[in-house]
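Working notes, structure below.
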Amino acid sequence: MKRDLNLAPAARIVAVWALAGVGAVLADEFRFERKADWDSWSFPQGVLVQNADGSIGLSRVDKKINAAADARDFLHTVKSGKQPIPGGIRVVGSGAATAAHVIDRRTDTWWQPDPDAARQDRWVEVDLGRMVHATKIRLIFPDTLGVRPFRSFSVYVNDGERATPARDVFQFTRVGRTTEPNHRRVVEYDLTTQDPGQATGDYLNTADTLGFAAVQYVRFRAEEDDQAAALAGIEVIALGDNLALGSVRRGGGIRAGANINNSAAFSDGDHNTKWIATGTGSWEDEGFYFEWDLGVVYWLDRMIIEFGNPWGRPLVQGFVVSTSAGAAVHGLTIDRVRSNFDYQLLTMVDAKPSPVR
Numbered sequence: 032m033k034r035d036l037n038l039a040p041a042a043r044i045v046a047v048w049a050l051a052g053v054g055a056v057l058a059d060e061f062r063f064e065r066k067a068d069w070d071s072w073s074f075p076q077g078v079l080v081q082n083a084d085g086s087i088g089l090s091r092v093d094k095k096i097n098a099a100a101d102a103r104d105f106l107h108t109v110k111s112g113k114q115p116i117p118g119g120i121r122v123v124g125s126g127a128a129t130a131a132h133v134i135d136r137r138t139d140t141w142w143q144p145d146p147d148a149a150r151q152d153r154w155v156e157v158d159l160g161r162m163v164h165a166t167k168i169r170l171i172f173p174d175t176l177g178v179r180p181f182r183s184f185s186v187y188v189n190d191g192e193r194a195t196p197a198r199d200v201f202q203f204t205r206v207g208r209t210t211e212p213n214h215r216r217v218v219e220y221d222l223t224t225q226d227p228g229q230a231t232g233d234y235l236n237t238a239d240t241l242g243f244a245a246v247q248y249v250r251f252r253a254e255e256d257d258q259a260a261a262l263a264g265i266e267v268i269a270l271g272d273n274l275a276l277g278s279v280r281r282g283g284g285i286r287a288g289a290n291i292n293n294s295a296a297f298s299d300g301d302h303n304t305k306w307i308a309t310g311t312g313s314w315e316d317e318g319f320y321f322e323w324d325l326g327v328v329y330w331l332d333r334m335i336i337e338f339g340n341p342w343g344r345p346l347v348q349g350f351v352v353s354t355s356a357g358a359a360v361h362g363l364t365i366d367r368v369r370s371n372f373d374y375q376l377l378t379m380v381d382a383k384p385s386p387v388r
């Protein structure tokens, strides 16, 4: 079950997934004349970037990103090894020497299966390095002398969740295929999620069909034996950069009221890790809350909250989201979630099977 909130508050402290919408712009200019002055300035890691002209600016936080373009920048754990691995090309049926071309953002390079490869080996799989909420898959084919687009193919996706907890085995869903011979250089497949949650609440997207899907792995499979066919690029267009993934690096973090050893599951971009709250008492007594510090104040555009149903346990039937720009207040109250930040109520969501409307 997913809950999609459309909003625009300024927040540093939040309690859910947060996708940034707009970056900040500084109207004034501040100069450092000495390196020692620059070195003495403390700022959250990853927030500032040095431009080619020597100027310092804010790092970009974008909407409508191609999540395949920077897949190698993200690390995630796998069952087949002890160390985290980067995204990129996860596995390829044939043509391994050219597989990386599908995510190099160039149209003059491409992947081709080995000429003698069997049809079942004519595929390539991209690992985005983290789960994203994608709106479409875009395929780009070359069309030059001696090379042409694949005429027949299918596209599959997976959200990163393993089919079995102990092995890196994934179940894919087909999201696109050709119904007639393809001659186009660019083919796009829109992604949606059917989620009739029947919840109510301020800012809540109550549509039964959401305009995105959770994606980490994308597989392209050719369904022909044409030795001249090639694929130049796979682009995964996502809603935007997910601020949750950089919370700890920026100096933020998550403080949970229960199951504190697993609270990092919120911010790792991994669909296999979950924060589990169990108990029969009130949320105050059981600690069914968490406080998420993004590390920096952002204007938020969207929050997406995902709930699982592990081992057949009941789903969350309601929740409250409050935000704070980081201003401190004195005294502790329940509505401040035992925190010293000045929270403002954003929404109260009723997610019961038949909520009051």
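Residue numbers (this note's numbering): 32 to 388. A virtual CB, placed ideally from N, CA and C, is assigned to each residue, including glycine.
Do residue i and residue j have their CB atoms nearer than 9 Å?
{"i": "Ile30", "j": "Tyr234", "result": "One cannot answer for residue 30 here, as it falls past the ends of the chain, which runs 32 to 388."}
{"i": "Phe105", "j": "Arg161", "result": "yes"}
{"i": "Val157", "j": "Gly119", "result": "yes"}
{"i": "Asn290", "j": "Ala308", "result": "yes"}
{"i": "Ser111", "j": "Arg250", "result": "no"}
{"i": "Trp141", "j": "Ala261", "result": "yes"}
{"i": "Arg252", "j": "Arg153", "result": "yes"}
{"i": "Ala244", "j": "Val188", "result": "yes"}
{"i": "Ala259", "j": "Arg150", "result": "no"}
{"i": "Ser353", "j": "Leu331", "result": "no"}
{"i": "Tyr248", "j": "Arg121", "result": "yes"}
{"i": "Leu159", "j": "Val267", "result": "yes"}
{"i": "Val372", "j": "Ser355", "result": "The residue you asked about is not Val; residue 372 is Phe in the sequence shown. Yes. Within cutoff."}
{"i": "Glu315", "j": "Ser370", "result": "no"}
{"i": "Asp324", "j": "His107", "result": "no"}
What would DSSP say about residue i, mapped onto helix, strand or coil?
{"i": "Ile87", "result": "strand"}
{"i": "Trp314", "result": "helix"}
{"i": "His361", "result": "coil"}
{"i": "Lys95", "result": "strand"}
{"i": "Asp139", "result": "coil"}
{"i": "Thr354", "result": "strand"}
{"i": "Thr129", "result": "helix"}
{"i": "Asp324", "result": "strand"}
{"i": "Trp330", "result": "strand"}
{"i": "Arg103", "result": "helix"}
{"i": "Asp373", "result": "coil"}
{"i": "Asp381", "result": "strand"}
{"i": "Leu50", "result": "Residue placement at Leu50 is poorly supported in this model, since its pLDDT is 38, which falls under 50; the coordinates still yield a value, given next. Strand."}
{"i": "Leu57", "result": "With a pLDDT of only 44 at Leu57, under 50, the local geometry of the prediction cannot be trusted, and no value is derived from it."}
Can you give the beta carbon distance from residue i to residue j, rounded, assuming they're within the 8 Å contact cut?
{"i": "Ala269", "j": "Val163", "result": "4 Å"}
{"i": "Gly124", "j": "Ala99", "result": "No, Gly124 and Ala99 are not in contact; Cβ-Cβ is about 18 Å, not under 8 Å."}
{"i": "Ser294", "j": "Ala275", "result": "Contact doesn't hold; Cβ gap of about 12 Å is too wide."}
{"i": "Gly288", "j": "Gly312", "result": "That pair is no contact at about 12 Å."}
{"i": "Arg208", "j": "Phe184", "result": "7 Å"}
{"i": "Ala130", "j": "Val155", "result": "5 Å"}
{"i": "Thr175", "j": "Gly242", "result": "Incorrect: roughly 34 Å between the Cβ atoms, too far for contact."}
With a CB to CB cut of under 6 Å and the five nearest residues on each side skipped, what residues in its chain are close to residue i?
{"i": "Val327", "result": "Pro75, Val78 and Arg281"}
{"i": "Phe350", "result": "Val380"}
{"i": "Gly264", "result": "Val133 and Ile171"}
{"i": "Gly126", "result": "Trp142, Gln143, Pro144 and Asp145"}
{"i": "Ala296", "result": "Thr304, Lys305 and Trp306"}
{"i": "Val279", "result": "none"}
{"i": "Asp392", "result": "Residue 392 lies beyond the range of the chain shown here (32 to 388); nothing can be said about it."}
{"i": "Glu254", "result": "Ser183 and Phe184"}
Sorted by chain position, which residues of the same chain lie with C-beta nearer than 7 Å to residue i's C-beta, five sequence neighbours on each side aside?
{"i": "Val218", "result": "Leu170"}
{"i": "Pro146", "result": "Gln258"}
{"i": "Ser90", "result": "Gly77, Val78, Leu79 and Val80"}
{"i": "Val109", "result": "Ile116 and Asp199"}
{"i": "Pro173", "result": "Thr138, Trp141, Ala261 and Ala263"}
Using a Cβ-Cβ cut-off of 8 Å (strictly less than) and excluding sequence neighbours within five positions of residue i, which residues of its own chain qualify?
{"i": "Phe203", "result": "Tyr187, Val188, Asn189, Tyr248 and Arg250"}
{"i": "Gly277", "result": "Gly77 and Gly326"}
{"i": "Trp4", "result": "Outside the displayed span of the chain (32 to 388) sits residue 4, for which this structure offers no information."}
{"i": "Thr240", "result": "Thr223, Thr224, Gln225 and Asp226"}
For the ligand SAM, is there a heavy atom less than 8 Å away from the beta-carbon of residue i?
{"i": "Arg161", "result": "Of the ligands one can find in the structure shown there are none, so the ligand SAM has no counterpart to examine."}
| said: What ranges does the beta strand (DSSP E) occupy inside the region 202-262, keeping only unbroken runs of at least 3 residues that lie completely in it? | reply: 204-208, 217-221 and 244-253
| request: Note down, one range per segment and in chain order, each beta strand (DSSP E) of at least 3 residues found wholly within the region 261-312. | output: 264-271 and 284-287
| query | Where in the region 150-188 do unbroken runs of the beta strand (DSSP E), each at least 3 residues long, occur, reported from the N-terminal end onward? | reply | 154-171
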